[in-house]
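Read through the structure below, which is laid out as structure tokens, and then see the notes.
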Amino acid sequence: MPKSPRSSSIGKALRADGVQVADLDTSATPGFKGNRAAGEKLLAERATVLSDLQEMLYANGRSGDPRSVLLILQGMDTAGKGGIVRHVIGSVDPQGVDHAAFGVPTAEERRHHYLWRIKRRLPRGGQIGVFDRSHYEDVLVVRVHDLVPPDVWGKRYGEINKWERKLVDSGMTLVKVAMFVSLDEQRKRLAQRLERPDKYWKFNPGDIDERAYWPAYQEAYQAMLDRTSTEYAPWHVLPADRKWYSRLAVTELLIGALQGLELSWPKAKFDIEEQKRRLAQA
Ligand code: ADP
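For the sequence shown, position 42 (counting from the first letter as 1) is numbered 42 according to the UniProt record's numbering, and the numbering increases by one without interruption.
Spelled out as structure tokens, the structure:
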């Protein structure tokens, strides 16, 4: 399958190297020059490409290939993580997708190491895993709210890097996406949740309190990008004010990851001609 120039241009444009979170233009559309209509048209086309590649990954998994893809979505409330799950992941066959959302740890989860609950939800061979929040909360919300002392969260960056190295070595491709909306855009999205009865369920009064911590979150996100964007598991920084762009960008990142696996359809484990003969007589 030929590599798409579009996919690599968006993918490259989102690499976290040197990005300053505080200076980010969250309404930008890096690597894509078109408008919303063009973006939505392209997304519809690319969703089919993603779906075909995902089917091939799944088929290989069924044949014993241990490789998998793990999409890690991080972002403040209203950044659009749920929309990515519905609109991007929703375009592929659900049996090949393993979705996990990580909220405030339960009492049981708190009794274990912070990676315990994460390890239990890793995708198996052939699957696309999707993490809506992840182990990175343990260096984000935990850091911002002093949930553990600095020397405890401080050690986690190196620990996460080492652990992710092992995952990559075992055949997992990590697609790490940090989504950023502006404070203004977040206000709009929260206001919408208060205007529409079909959005009330998404509203959490605590989200308004978290807005006061925006600078602290920016600092924590910056440290996360600086310290855990590795050559084997790089972060992508996604300006997320425009939902259509976010969805297109994540679609392209997943396509890029799957193309990188250079998949082909599994060979038949039976004699095709023989089976055709048998079928003709059956
Ligand atoms: P969402 O708000 O994404 O719909 P939830 O309300 O279920 O989902 O959970 C998200 C909340 O859980 C966020 O406020 C997040 O900061 C918090 N959270 C996630 N992981 C942790 C963690 N390890 N420690 C403390 N809080 C966490």
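From the three backbone atoms N, C-alpha and C, an ideal C-beta is built for every residue, glycine too.
All values reported here derive from a predicted model rather than from experimental measurement.
Contact between the stretch 49-66 and the stretch 31-41 is absent: fewer than three C-beta pairs spanning the two stretches fall below 8 Å.
In this structure, phenylalanine 203 lies away from threonine 26, with their beta-carbon atoms at least 9 Å apart.
Taking a contact to require three or more Cβ pairs closer than 8 Å, the stretch 241-251 and the stretch 9-29 qualify as touching.
Between the beta-carbon of lysine 243 and that of glycine 83 there is about 6 Å, and that keeps the pair under the 8 Å contact cut. 9 Å or more divides the Cβ of glycine 171 from the Cβ of serine 264. Inclusion of glycine 103 in the 8 Å shell around the ligand ADP follows from its C-beta lying nearer than that to a non-hydrogen atom of the ligand.
If only uninterrupted beta strand (DSSP E) runs of at least 3 residues are considered, those enclosed by the stretch 143-216 are 172-180. Among the bridge pairs identified by DSSP, serine 68 is matched with Met172.
The beta carbon of aspartate 207 is closer than 7 Å to those of Asp77 and Leu190 in its chain, skipping five residues each way along the sequence. Cα atoms of threonine 48 and glycine 260: separation of roughly 17 Å, rounded to the nearest angstrom.
Tyr217 is the residue among Asp93, Tyr217, Pro105 and Glu195 whose C-alpha sits nearest the C-alpha of valine 144. Rounded to whole angstroms, the Cβ separation of leucine 71 and glycine 129 is 7 Å, and the two are in contact under 8 Å.
For glutamine 20, the secondary structure class from DSSP, reduced to helix, strand or coil, is coil. Boundaries of the beta strand (DSSP E) around leucine 238: 235-239.
The shortest CA-to-CA distance from glutamate 164 to any of Pro150, Val148, Asp184 and Arg227 is the one to Arg227. Closest in alpha carbon position to tyrosine 157, among Asp65, Val97 and Ala220, is Ala220. With contacts defined as CB atoms closer than 9 Å, leucine 174 and leucine 167 qualify as a contacting pair. Less than 9 Å divides the Cβ of arginine 133 from the Cβ of alanine 101.
Of all alpha-carbon atoms in Ala240, Ile255, Trp153 and Arg111, the one lying nearest the alpha-carbon of serine 91 is that of Ile255. Residue pairing by DSSP puts leucine 73 in a beta bridge opposite Asp132 and Val177. Cβ atoms of arginine 62 and histidine 236 stay farther apart than 8 Å, at about 29 Å. Distances from the alpha-carbon of tyrosine 213 to those of Trp153, Val142, Lys176 and Asp271 put Val142 closest.
In this structure, the ligand ADP has no non-hydrogen atom nearer than 8 Å to the beta-carbon of asparagine 60. Counting of Cβ neighbours within 10 angstroms places arginine 196 among the exposed residues, the total staying below 16.
Burial check for glutamine 74: the Cβ neighbour count within 10 Å reaches 16 or more, so the residue is buried.
In this model, alanine 22 and proline 239 are separated by some 12 Å (Cα to Cα). Rounded to whole angstroms, glutamine 275 and aspartate 65 show a C-alpha spacing of 25 Å. In this chain, histidine 87 is not harboured by any beta strand (DSSP E); it is covered by the alpha helix (DSSP H) spanning 81-87.
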